[in-house]
Amino acid sequence: MQITVQQLVNSWESLQKLNGIGLDSGITPVNAFFLSKLIGICQPEVERFNTIHRELFLSLGEEREVAYGDETRKEYQIKEENIDKFLQDITPLLNQTIDLPGNPIPVADLGNGLPLNVGDLGKLSWLFTE
6 MQITVQQLVN SWESLQKLNG IGLDSGITPV NAFFLSKLIG ICQPEVERFN
56 TIHRELFLSL GEEREVAYGD ETRKEYQIKE ENIDKFLQDI TPLLNQTIDL
106 PGNPIPVADL GNGLPLNVGD LGKLSWLFTE
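Residue numbers (this note's numbering): 6 to 135.
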């Protein structure tokens with residue numbers, strides 16, 4: 006199975022919901038094992054991306070005070086003059102492909118008790134087949 010870094014990063018929160026799901030959800034033992042293994046493989050990839058993303062963000066950004074109603078908060082934002090550079094650097098990174106073991110799981114093999122909503126299923130479309 007091959008996905009992009011962007012697909013993984015966008016679906017990471019949804020994928021984590023599947024970590025440690027029990028057989029009482031209706032999922033097959035093989036698929037429960039596969040998902041647990043897959044999450045373990047994906048975690049270092051997400052951490053690598055987050056590290057590089059953070060370094061890039063900090064090198065091209067600055068801390069600013071932003072008003073939220075009656076209060077002001079400090080936030081880190083990309084400097085306006087660096088937005089094009091940030092996009093130029095981050096886009097090829099997000100388009101990198103990651104080879105993952107296994108094949109997409111048929112939705113019918115998932116059971117009915119998984120902690121996923123429709124949005125999660127959309128984000129995880131790379132992981133499931135009909």
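Even for Gly, the Cβ is constructed at its ideal location relative to N, Cα and C.
Computed from a predicted model, the values in this text were never measured in an experiment.
Residue pairing from DSSP places alanine 72 in a beta bridge opposite Thr77. Distance between asparagine 15 and isoleucine 103, taken at the CA atoms: about 14 Å. In the structure shown, glutamine 93 adopts helical secondary structure according to DSSP, grouped into three states. In summary, leucine 115 is buried, with 16 or more beta-carbon neighbours lying within 10 Å of its beta-carbon over all protein chains present. Annotated as proximal: serine 19 and leucine 129, with beta-carbon spacing under 8 Å.
Straight across, the Cα-Cα distance linking isoleucine 32 with asparagine 117 is about 8 Å.
Per DSSP, the beta bridge partners of isoleucine 83 are Gly66. Taking C-beta atoms as the reference points, leucine 98 and cysteine 47 fail to come closer than 8 Å. The beta-carbon separation of aspartate 94 and leucine 63, rounded to 13 Å, does not stay under the 8 Å limit for a contact. Taking isoleucine 110 as the centre and dropping the five residues before and after it, the same chain places the C-beta of Asn36, Phe133 closer than 6 Å to its C-beta, in chain order. In terms of Cα proximity to phenylalanine 54, the closest of Asn122, Asn100, Leu105 is Asn100. Taking the Cα of lysine 22 as reference, the smallest distance to any Cα among Leu121, Pro49, Glu135 is reached at Leu121.
A straight-line Cα-Cα distance of about 47 Å links alanine 72 and aspartate 29.
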